[in-house]
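> Got a structure for you, questions after.
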Amino acid sequence: MPITELLIGGLLLGGLYALMACGLNLIFGVMRVINFAHGELLAIGALSTVSLVAGFHFPFWSALLLVPILTAAIGLVMHKLVLQRLAGAPMIMSLLATYAISTILVNGAILTWGGGYRGLPGVLSGSVSVLGQNLSISRLVAFAVALGVSLAVWWVLEKTRWGRAVRSVSQAPELAEISGISIEHVRNTTFALGAAMAGLAGVLMAPTFASDPQLGVRFLIKAFAVIIVGGMGSYPGAIAAALLLGVIEVFGGYFTGAVIGSALLFLLMLAVLLVRPRGLLGVGART
Amino acid sequence: MMKPIALAVVLGLAALAVPYFGTEYALSFTMQLLVFMILAYSWNLIGGYTGYTHFGQVCFFGLGGYVGALLIQNAGMRWYFAVPVAALAGAALALPLGTAMLRLKGPYFAIGMFGLTRVLESLVLGFDSVTKGGTGLYLVPLDNLRPVYYALVGLAIVMIVGTWRLDNSRLGLKLLAIREDEQAADSLGVRTTRLKIGTFVVSAIAPAAVGALNAVYLGFIDPPTAFSPVMELTTIAIVLLGGMGTVLGPLVGAIVLSVVNELLWARFPEYYLAIVGTLLLLAVLYMPRGIVNLGMKRGWLPAGRSLFRQLAREGGRGRPPVAAPLVPDEAKRAEA
Amino acid sequence: MNAPEHILVAENVSKRFEGRVALDNASLKVRRGSITGVIGPNGSGKSTLFNIIAGTLTPNGGRVLIEGEDVTGASPADICRRGVGRTFQISRLFAEMTVMENLVAVAHGIDDRTAVQRAMELLEFLEITAIADKWGSELSYGQRKLVEIARALMLKPVIMLLDEPFAGINPRLQNRIVEHLKSLCARGLTVFFIDHEMRIVLAECDQVYVLAEGSVIASGPPALVRDDPRVLDAYF
């Protein structure tokens, strides 16, 4: 069993999951909204990248900047039009709303890009030799950017004034309001940031994986599994769990085949929900 | 009391008459309507009454479909035996699943069920030596599909009547209590765990049966049809739009959405998801309790759960004075 | 078998929340058929004590006994089945159900007709028959309190735990509630409640407990407690 190869493959995948899950977690932490449409933002990110690079011949690095702005805008619209109105309602309502939005977005994606798969050949292709292993450049870049951004956002949350405002809104909204923080502003920017992170994950994914409008659903479950294992509301938990689950998925896939391998993640998520619902480091999920 | 029964009889007869007097088109429309109705009524039990909304209804539909299809194909079972077995399979899965999953809070339960559906789909795709995976399973078509149709009509009637009986019973009230405030209900002695799990199991039976019936009718089943997210979305939209926790809600919703479905597939099939998604979104934002509940509140429709009001009225006429003590017997106290 | 004189006993109950001591060896005894009240300023721990007795919180130390049996750590449902009825401070009525349905929903062991009859009797007893068909969400604050009491009484409890039943309602309604509770006590019910309203507690209770900063600082009949210097100290 090529342990090192699998391990590295798992970690590289985990980096992407971290970016996805951190965005999802950020939104949950601040607004107690479980964004069912997060996967679609990823898919739209990936497909937009394909259009931008393969279709309009923009350089790949520009997609890293432009596409997250697009998904952030979509996220902002989602929040202002729909989620803001559901601010006081029980979580299930915003879940239903984001579920509905996700189907609208999937439809939109199918209309824009068709239902088939698109790849991005020639971008970040080739491989380098690291520690005696042949690693594909696209995966390396994806890992570096994904993990880098996730850690950067964590730094922002811990060290900057905006980050403190975000944390105080997620922990004690009433107190935050009294101390002059505009909750609406924080929620808007947080949702936009989370959406941007999903979009960025899509950009990074485009050269490595084949993108199609159904990409969102597949990744959403994995992102949920990551946050639940890591603990909903815990940012470092999401990063750690993402890397862990990436590795588990790759190892699992080696033994049982890719299809059942991804089912493993979900089963792990279920197991965690039932046995230790707080996950590694987070807030509870039990009744 | 008479009006709902009369209505039910009329609708039932109309449904039964379709194969004889209706066109092919009318038949297939009614079939789809019936399938959606049965799924919706089932989801209404666990989502509408008990308040445990979830995105995994279709996993029982798919499970029932595959169990039924495999029994018919590989074991040579007749469809009218295979369907009840498929229904039992649904219940058998729901029991341990419900016991485990219903301990989770609302949104986590919803997502958990969604994930489970995807997992089941993956497993079906993965074990393709048995299930033929993505290619799908073909069944020998039946000569006469009418009995299948009648089975669907029968199932739909059972679901509607069952929901009506539930609505007018203390059991129904207990489920609503769980929905409204589970902790308070539990503190007041309602056996919430038992009731939740029981309802979940019951809500899995009909979808599993319909899944099998659907496979028989189409003569075919594959993962996208069996675990169709579109079907899930439509079922939820039906109950939300129609009215959660009511007798007529799923019926109204099913009719509205079947019509929408027909119109869309005829003219704008590529906008189906977006339109149904938008309808669901509008319902969530502006009418979360659905058309029927709105109608009841505004007085257009008679308010549901009439049994208790009726008993109260009956009790009010010529009642003997309050004889029973409100607290446990004085006699017991005297013992102390 | 002789039923114990004290239907409810809390023995040295302690509770800590993340380093902060909410209750420190609090003890109380409630006589059968009495009206017992617990008062204390904010932060005194009376809510914590109430919730431990009702089963919604588990103590870090000490025991709770109902009818002589140890129920420490039992679930709220278990406690309810032992004949305890409770109301909530912020009323938790079933909003999308009518008042009648709220009552009938919790009845068990009796058939529909009896349940409805019992509900009607309770509504009559509390003089709120007029609102039987109103939705839980439509009721006024005072009506909610009354329905909460009626709902708990549907279970024919031997002891009623009331969480701040007099908070936020006008004196006339407060007096009405007191009347009803007293007539129930005359028929054997034990009433235990916590509240801020010193006036009522000192006027109507058989026994009063005063909590401050997690401990019982005074207890006894109202006349004794009213003039206790420690109580005056704690409040003023």
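Going down the list, the protein sequences come from chains A, B and C.
So in the working numbering, the last one in the first sequence is 316, and the numbering has no gaps at all.
So in the working numbering, the last one in the second sequence is 337, and the numbering has no gaps at all.
So in the working numbering, the last one in the third sequence is 249, and the numbering has no gaps at all.
Every residue gets a Cβ at the ideal spot worked out from N, C-alpha and C, and that includes glycine.
When you check each C-beta in the region 123-154 of chain A against every C-beta of chain B, which residues fall closer than 9 angstroms?
So the list reads S123, L124, L125, A126, Y128, A129, I130, S131, T132, I133, L134, V135, N136, G137, I139, L140, given in the order they occur along the chain.
> Whole angstroms is fine: what's the gap from A87 of chain C's alpha carbon to G190 of chain B's?
Here the question's residue 87 of chain C lines up with position 74 in the third sequence. Here the question's residue 190 of chain B lines up with position 189 in the second sequence. Between A87 of chain C and G190 of chain B, the C-alpha separation is close to 13 angstroms.
> Is the Cβ of I63 of chain A closer than 8 angstroms to any Cβ of chain B?
The residue given as residue 63 of chain A occupies position 34 in the first sequence. Yes - at least one Cβ of chain B is within 8 angstroms of the one on I63 of chain A.
> Quick check: I276 of chain B and L242 of chain B, are their CB atoms within less than 8 angstroms of each other?
The residue labelled residue 276 of chain B in the question sits at position 275 within the second sequence. The residue labelled residue 242 of chain B in the question sits at position 241 within the second sequence. Taking 8 angstroms as the Cβ cut-off, I276 of chain B and L242 of chain B do not qualify as a contacting pair.
> Below 8 angstroms on the Cβ atoms is my guess for I222 of chain B versus F37 of chain B; work out the distance and round it to an integer in Å.
What you label residue 222 of chain B is simply residue 221 of the second sequence in a count that begins at 1. What you label residue 37 of chain B is simply residue 36 of the second sequence in a count that begins at 1. With 8 angstroms as the limit, I222 of chain B and F37 of chain B do not qualify as a contact, their Cβ atoms being about 18 angstroms apart.
> Should G134 of chain B and L126 of chain B be called a contact, given that it needs their Cβ atoms to be closer than 8 angstroms?
Locating residue 134 of chain B in the second sequence gives position 133, where the first residue counts as 1. Locating residue 126 of chain B in the second sequence gives position 125, where the first residue counts as 1. Cβ atoms of G134 of chain B and L126 of chain B: closer than 8 angstroms.
> Is E271 of chain B close to chain A, meaning its C-beta is less than 8 angstroms from at least one C-beta of that chain?
The count along the second sequence starts at 1 and reaches residue 271 of chain B at position 270. Yes, contact with chain A.
> Relative to the C-alpha of I130 of chain A, which candidate in A:F220, A:A66, A:L303, A:A269 has its C-alpha closest?
On the first sequence, residue 130 of chain A is found 101 positions in, with the first residue counted as 1. The residue with the shortest Cα to Cα distance from I130 of chain A is A:A66.
> Please list the terminal residues of the continuous beta strand (DSSP E) segment that includes Q243 of chain A.
The count along the first sequence starts at 1 and reaches residue 243 of chain A at position 214. Q243 of chain A -> no beta strand (DSSP E), and no H or E assigned at all.
> Of all Cβ atoms in chain B, is any one closer than 8 angstroms to the Cβ of F206 of chain C?
Start at 1 with the first residue of the third sequence, and residue 206 of chain C comes out as number 193. No - not a single Cβ of chain B is within 8 angstroms of the one on F206 of chain C.
> Just checking: is the beta-carbon of G286 of chain A within a distance shorter than 8 angstroms of some beta-carbon in chain B?
Counted from its first residue, the first sequence places residue 286 of chain A at position 257. By this cut-off, G286 of chain A is an interface position.
> Using the beta-carbon of each residue, which ones in chain B are nearer than 8 angstroms to E114 of chain C?
Your numbering for residue 114 of chain C matches position 101 in the third sequence. Per Cβ cutoff of 8 angstroms: L174, L177, R306, F309.
> Assuming the contact rule is C-beta atoms closer than 8 angstroms, E237 of chain A and S167 of chain A should be a hit. Round their C-beta distance to whole Å, please.
By 1-based counting over the first sequence, the position of residue 237 of chain A is 208. By 1-based counting over the first sequence, the position of residue 167 of chain A is 138. Position check: residue 237 of chain A holds Thr in this sequence, whereas Glu was assumed. The Cβ separation is near 5 angstroms, so the contact holds.
> By how many angstroms is the C-alpha of A67 of chain C removed from the C-alpha of F206 of chain C?
One-based indexing of the third sequence puts residue 206 of chain C at position 193. One-based indexing of the third sequence puts residue 67 of chain C at position 54. Answer to the nearest angstrom: the Cα atoms are 11 angstroms apart.
> Assuming the contact rule is C-beta atoms closer than 8 angstroms, S259 of chain B and L34 of chain B should be a hit. Round their C-beta distance to whole Å, please.
Taking the second sequence and counting its residues from 1, one reaches residue 259 of chain B at position 258. Taking the second sequence and counting its residues from 1, one reaches residue 34 of chain B at position 33. Contact flag correct, Cβ pair sits at about 4 angstroms.
> DSSP on I73 of chain A, reduced to helix/strand/coil?
Here the question's residue 73 of chain A lines up with position 44 in the first sequence. Helix at I73 of chain A.
> If I measure Cβ to Cβ from A337 of chain B and keep anything under 7 angstroms in the same chain, skipping five residues before and after, which residues do I get?
The residue labelled residue 337 of chain B in the question sits at position 336 within the second sequence. In this predicted model, A337 of chain B has a pLDDT of only 38, less than 50, meaning its place in the structure is not dependable; the value taken from the coordinates is given anyway. Excluding positions up to five away in sequence, the list is empty.
> Spatial neighbours of R320 of chain B within its chain, please: C-beta separation below 6 angstroms, excluding the five flanking residues on both sides.
Locating residue 320 of chain B in the second sequence gives position 319, counting from the first residue. Reliability fails at R320 of chain B, whose pLDDT of 45 lies under 50, so the model's placement of it is uncertain and the value that follows must be treated cautiously. Taken in chain order, the list of residues that qualify is empty.
> Beta carbon of A102 of chain A: closer than 7 angstroms to some heavy atom of the ligand ADP?
Of the ligands one can find in the structure shown there are none, so the ligand ADP has no counterpart to examine.
> Name the one or two DSSP bridge partners that W148 of chain C has.
The residue given as residue 148 of chain C occupies position 135 in the third sequence. BP columns for W148 of chain C point to C:T111.
> Kindly say whether F253 of chain A, judged by its beta-carbon, lies nearer than 8 angstroms to any beta-carbon of chain B.
Position 224 of the first sequence holds residue 253 of chain A. Chain B contact via Cβ: present.
> Can you pull the DSSP bridge partners for L196 of chain B?
For the purposes of this step, residue 196 of chain B is taken as the residue at position 195 of the second sequence. Paired residues: none, contrary to the question.
> Could you say which of A:G209, A:F87, A:L55 lies nearest to W183 of chain A if we only look at CA atoms?
Here residue 183 of chain A refers to the residue found at position 154 when the first sequence is read from its first residue. That would be A:L55, whose Cα lies nearest to the Cα of W183 of chain A.
> I want to see whether chain B comes within less than 8 angstroms of S199 of chain A, judged by CB atoms only; does it?
Translated into positions along the first sequence, residue 199 of chain A becomes position 170. No, because no Cβ of chain B sits closer than 8 angstroms to the Cβ of S199 of chain A.
> What does V83 of chain C pair with, by DSSP beta-bridge criteria?
Locating residue 83 of chain C in the third sequence gives position 70, where the first residue counts as 1. In the sequence as displayed, the identity of residue 83 of chain C is Asp instead of Val. In DSSP, D83 of chain C forms a bridge with C:L78.
> Along chain C, in chain order, which residues have C-beta atoms closer than 8 angstroms to that of R195 of chain B?
Position 194 of the second sequence holds residue 195 of chain B. Chain C residues near R195 of chain B: none, gap ~11 angstroms exceeds 8 angstroms.
> Let me see if you follow: with CB-CB separation under 8 angstroms, is R114 of chain A close to chain B or not?
For this step, residue 114 of chain A is matched to residue 85 along the first sequence. True, the Cβ-Cβ gap to chain B drops below 8 angstroms.
> Under a Cβ-count criterion, where at least 16 other Cβ atoms within 10 Å of its own Cβ denotes burial, should A70 of chain B be classed as buried or exposed?
Taking the first residue of the second sequence as position 1, residue 70 of chain B is located at position 69. It counts as buried.
> Check whether the Cβ of K333 of chain B lies closer than 8 angstroms to any Cβ atom in chain A.
Here the question's residue 333 of chain B lines up with position 332 in the second sequence. Only weak support exists for where K333 of chain B lies, its pLDDT of 43 falling under 50; the value from the coordinates is given anyway. No, because no Cβ of chain A sits closer than 8 angstroms to the Cβ of K333 of chain B.
> Please list the residues of the region 177-191 of chain B that have a C-beta atom closer than 7 angstroms to any C-beta atom in chain C, keeping them in chain order.
Listed in sequence order: L177, A178, E181, D182, A185, D187, S188, L189, G190, V191.
> Please name the residue in C:P17, C:E18, C:K42, C:I20 whose C-alpha comes closest to that of V26 of chain C.
As a working note, residue 26 of chain C is residue 13 in the third sequence. Considering only alpha carbons, the answer is C:K42.
> Is the number of C-beta pairs between the region 66-84 of chain C and the region 15-23 of chain C that are closer than 8 angstroms three or more?
Segments in contact, yes.
> If contact means a Cβ-Cβ distance below 8 angstroms, which residues of the region 130-149 of chain B contact chain A?
Residues: none.
> Among residues of its own chain, excluding the 5 on either side of A307 of chain B, which ones have a beta-carbon nearer than 7 angstroms to its beta-carbon?
In the second sequence, residue 307 of chain B corresponds to position 306, counting from 1. The amino acid at residue 307 of chain B is misidentified as Ala; the sequence shows Ser. Answer for S307 of chain B: N169, listed in chain order.
> Rounded to a whole number of angstroms, what is the C-alpha to C-alpha distance between R193 of chain A and E271 of chain B?
As a first step, residue 193 of chain A must be located in the first sequence, where it is residue number 164. As a first step, residue 271 of chain B must be located in the second sequence, where it is residue number 270. Roughly 45 angstroms between the two C-alpha positions.
> The beta strand (DSSP E) with H193 of chain C in it runs from where to where?
The residue given as residue 193 of chain C occupies position 180 in the third sequence. Unbroken run through H193 of chain C is the alpha helix (DSSP H), 184-199; no beta strand (DSSP E).
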